[in-house]
Amino acid sequence: MGNIIVSAYLRKMFIAYCVFISLINCRAQGIEIKNGWYYINGDKFFIKGIGYETHTRPGQVPWVYEFDADIIKFDLNRIKEAGFNTIRTWGALSEEELQLVEQSGLKVLFGIWIDPAGDFGDETFVQSALNHVSSVLSYSKKYSCILGYLIMNEPQVNSIYNSGAENLISLWKSIIEIINAKHPGVPVSFSNSMVGDYIGMDIFNFAAYNAYIYNPVTLSKSSGYRGFLQWLKDRRSPDKPFIITEYGLSVSPGVSLTEYGYGKNTVDQQKEGDLLMYRQLIDADAQGGCVFQYHDGWWKGGNEFIHDPNPEEWFGLIGFTSEFDKTGETRPAWGGFKRYNKAIITNPKNEHIYQEKIPLEIYSSEDVFSFKIFIEDSVVFEKILDGNYFSENLSLTFEDSIKDVLLDFRFFNSNNDTLKSEVISILYTKNMIELPKLKFEILPGELLPDARNYMNIHVVKDSLFLINDNKIDYAFHPHLGFDPGQAKSKVMEFREGTWTYLDFFEIPEDTKVATFSAGFTITYGQFQKRICAQKILLWEDWAEPIAASELITGVNYSTNDSVKKKSTIKLFPAYPNPFNQSTTIKYFIPSGKIIKEPASLKIYNILGQELTVIENLDILPGVHVLHFNSSELSSGMYFYSLVIGDLVLVKKFIVID
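When we follow this note's numbering, the leftmost residue of the sequence shown carries the number 113, and every step to the right adds one.
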């Protein structure tokens with residue numbers, strides 16, 4: 113007991129000493145969000161981040177706290193030496209750990225772990241979460257290294273659906289109130305994922321997403337990594353910082369594939385893929401990203417003393433040779449990031465089209481003295497830097513009215529040694545140009561679980577651009593855990609410059625949110641650009657309290673800001689339609705809807721004459737299926753009507769021979 117008391121006393125003395133040193137060496141960080149960017153003490157800030165956990169080396173688990181100041185200092189110093197300026201955490205760092213981060217000069221996206229699978233409507237759960245946040249803020253509020261709070265990680269659709277979206281939004285608002293009161297001026301968000309692409313970000317100060325190149329198919333196939341992230345940026349975070357809080361590749365044992373996957377990537381694939389995602393998130397106009405993660409997590413497979421083949425254990429840029437290896441060995445990706453972080457080119461961006469002046473924006477490290485831009489081995493711009501941030505416009509002159517341009521950036525130290533080189537591919541034009549057009553409709557316009565939704569895709573070519581292999585990719589993501597979804601592709605055969613195609617996806621029964629997308633790659637010389645489109649459909653109105661405003665069709669708010677949900681009976685289009693002999697007709701009764709009147713389905717001809725009546729339909733909540741046989745009907749158009757009391761819903765179908 114005496115040793116425990118002494119240990120606790122020394123720990124308190126250590127914290128007090130660190131706070132004193134911090135007051136001497138650190139001044140308050142003025143955090144401001146302006147024009148969609150972080151500013152710190154007036155300087156524009158790009159997040160060069162990495163996911164970091166303390167006490168999770170071999171033989172350790174995150175829920176058993178062990179403090180080792182020396183190893184944390186070693187880690188933070190190595191992270192800084194690789195050019196990172198921010199760490200991202202999941203659970204809250206202790207005060208003694210947070211103090212070491214403050215002293216290191218690094219910033220932190222500070223995670224506070226609230227169970228994303230909790231019961232958000234349970235008073236005990238909610239109060240426990242709020243108490244935890246208050247407890248953490250009692251000390252975290254003293255530290256200026258906190259760039260933002262992340263109050264949850266990857267909440268899944270089923271958890272939100274089962275607990276009530278209105279309860280989760282209420283919990284988030286309560287947590288935000290606590291943070292704003294105790295640590296004013298520090299931004300708040302949560303780490304979303306592609307499963308949460310439907311969630312609006314209005315109540316948060318910045319948008320944060322975990323995004324991996326291999327999942328879901330809307331990201332890996334149809335829209336592409338940059339295309340999907342650009343879509344999220346434009347629709348969820350146009351005026352706020354947009355941060356990718358996780359991206360990475362696992363090098364778990366196994367036979368690697370040619371494409372990046374969840375595990376079984378080689379160390380070279382990890383390096384190439386991680387840096388590809390880094391570049392593409394910048395091209396998608398993100399304000400930073402955090403690679404996942406600093407070192408392997410042996411604990412994730414269930415036995416912290418053994419490095420299991422579970423892919424979750426192998427994402428680290430640093431691996432351990434044994435249970436007793438405390439420092440680890442860097443993988444090739446570590447050196448790749450160390451070199452890449454020397455100079456982050458946020459402008460110009462790949463896949464972008466520029467007219468007249470080309471913006472230049474660069475975040476460089478201390479040892480970058482100058483840079484040059486080459487086009488075909490000729491220097492078109494050079495600059496000696498006088499700080500870590502550079503912004504200017506580049507003017508180019510070409511004889512051609514449109515030209516594909518490879519801008520070769522080369523960065524040098526004061527001895528003229530090359531520190532980094534990177535090529536940015538752009539299209540330069542003197543005049544406005546039109547791109548090929550892509551759009552699609554989802555038929556019907558409502559999500560149909562346990563049935564088919566059709567994609568009616570339209571593409572219009574432009575004579576200026578070629579389409580790679582004339583191939584289009586289209587996909588459906590059901591938001592069921594981490595199910596990647598379904599992807600298809602088609603070779604387009606154009607007629608007079610247009611192509612239209614109708615296809616379908618089988619929608620799983622439990623689907624409550626679905627993202628549909630399509631995309632193809634256009635080229636002009638060496639320039640390439642992904643053209644893509646996406647749409648999200650919600651089942652019923654369960655997500656309205658939390659969904660992005662564009663997905664909500666008519667929401668009324670009461671004075672206490674709770675959402676009054678709509679409860680509507682629905683009659684769906686027949687499938688197939690047109691049809692021969694038989695078709696399927698579905699209707700929906702919402703939960704909580706008590707129906708006392710009998711329900712029937714009536715068939716009419718175009719003269720309004722009643723032909724068939726199906727009586728005593730099921731009126732319990734849920735989706736109900738009727739199989740209709742048309743053997744007694746001749747070819748032609750008919751109307752079918754769902755009748756429940758005074759409610760009459762009508763649609764049409766066509767019978768063919």
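The C-beta atom is built at its ideal place from N, Cα and C for all residues, glycine as well.
The model shown is predicted, which means the values in this text are computed figures rather than measured ones.
Query: Return the Cβ separation of Glu-424 and Gly-409 in integer angstroms, given the expectation that the two are a contact with Cβ distance under 8 Å.; Result: 7 Å
Query: Give every residue of the same chain whose Cβ lies closer than 8 Å to the Cβ of Ile-450, excluding the five residues on either side of it in the sequence, and list them in chain order.; Result: At residue 450 the sequence reads Lys, which differs from the Ile that was named. Glu-193, Ala-194, Gly-195.
Query: Please classify Val-403 as buried or exposed, where buried requires at least 16 other C-beta atoms within 10 Å of its C-beta.; Result: buried
Query: For Ile-766, does the three-state DSSP call read helix, strand or coil?; Result: strand
Query: Out of curiosity, what's the CA-to-CA distance linking Ile-470 and Leu-550?; Result: 27 Å
Query: Just mark Ala-181 as buried or exposed, buried being the case when its beta carbon has 16 or more other beta carbons within 10 Å.; Result: exposed
Query: Would DSSP call Met-567 helix, strand or coil?; Result: strand
Query: Answer yes or no: do Tyr-151 and Ile-145 have a C-beta to C-beta separation smaller than 9 Å?; Result: yes
Query: Would you tell me roughly how many angstroms separate the C-alpha atoms of Ile-538 and Leu-518, rounded to the nearest one?; Result: 7 Å
Query: Return the residue from the list His-464, Val-491, Asp-529 that minimises the CA-CA distance to Ile-545.; Result: His-464
Query: Roughly how far, in whole angstroms, is the beta-carbon of Thr-198 from the beta-carbon of Leu-218, given that I think they are within contact range, below 8 Å?; Result: 6 Å
Query: Where Lys-253 and His-295 are concerned, what is the direct C-alpha to C-alpha distance, given to the nearest angstrom?; Result: 5 Å
Query: Quick one: using the 10 Å Cβ neighbour count with 16 as the cut-off for buried, is Ala-293 buried or exposed?; Result: exposed
Query: For the alpha helix (DSSP H) containing Tyr-337, list its first residue and its last residue.; Result: 337–348
Query: Would you kindly check if the distance between the Cβ of Leu-393 and the Cβ of Tyr-337 is under 9 Å?; Result: yes
Query: Over what stretch of residues does the alpha helix (DSSP H) that includes Thr-816 continue unbroken?; Result: There is no way to answer for residue 816, as the model of the chain reaches only from 113 to 769.
Query: Which whole-angstrom value describes the C-beta separation of Ile-184 and Glu-209, a residue pair presumed to lie in contact below a C-beta threshold of 8 Å?; Result: 6 Å
Query: Give me, in chain order, the residues of the same chain whose beta-carbon lies closer than 6 Å to that of Pro-460; leave out the 5 immediate sequence neighbours on both sides.; Result: Ile-470, Ile-536, Ile-538
Query: Alpha carbon to alpha carbon, what distance is there between Ala-626 and Leu-559?; Result: 7 Å
Query: What are the start and end residues of the alpha helix (DSSP H) that includes Ala-445?; Result: 444–452
Query: Under the DSSP definition of a beta bridge, which residues are partnered with Arg-642?; Result: Thr-633
Query: As an exercise, report each continuous beta strand (DSSP E) stretch of at least 3 residues that is fully enclosed by the region 433–516, in chain order.; Result: 455–459, 465–467, 469–476, 482–487, 490–496, 501–507
Query: Please specify which runs of the beta strand (DSSP E), each continuous and at least 3 residues long, are wholly inside the region 540–614, giving them in chain order.; Result: 549–555, 563–572, 583–589, 598–603
Query: Can you tell me the Cα-Cα spacing of Ile-793 and Phe-179, whole angstroms?; Result: The question about residue 793 has no answer here: the residues shown for the chain are numbered 113 through 769.
Query: Measuring CB to CB, does Ile-355 end up less than 9 Å from Ser-301?; Result: yes
Query: What separation, rounded to the nearest whole angstrom, lies between the Cα atoms of Ala-655 and Gln-467?; Result: 41 Å
Query: Counting along the chain, where does the beta strand (DSSP E) carrying Val-363 start and finish?; Result: Segment: none, Val-363 is in no beta strand (DSSP E) and carries neither H nor E.
Query: Work out the CA separation of Glu-605 and Leu-221 for me, nearest whole Å.; Result: 49 Å
Query: Taking Arg-443 and Gln-382 to be in contact with their CB atoms under 8 Å, please state how far apart those CB atoms are, rounded to whole angstroms.; Result: 7 Å
Query: To the nearest angstrom, report how far apart Ile-634 and Lys-583 are at their CA atoms.; Result: 10 Å
Query: Excluding the 5 residues flanking Gly-666 on each side, which residues of the same chain have their C-beta closer than 6 Å to its C-beta?; Result: For Gly-666, the predicted structure reports a pLDDT of 37, less than 50, and the residue's modelled location is therefore unreliable. The matter cannot be settled from this model.
Query: Exposed or buried, what is Ile-258 when buried is set at 16 or more other beta-carbons lying within 10 Å of its beta-carbon?; Result: buried
Query: Apart from the five residues on each side of it in sequence, which residues of its chain come closer than 6 Å, Cβ to Cβ, to Asn-115?; Result: Because the pLDDT of Asn-115 is 43, which lies under 50, any placement of that residue in the model is unreliable, and the number read from its coordinates should be weighed accordingly. Taken in chain order, the list of residues that qualify is empty.
Query: Output the distance between the C-alpha atoms of Tyr-177 and Ala-445, rounded to the nearest integer angstrom.; Result: 29 Å
Query: Cα separation between Ser-629 and Asp-562?; Result: 20 Å
Query: Name the one or two DSSP bridge partners that Glu-709 has.; Result: None; Glu-709 has no bridge partner.
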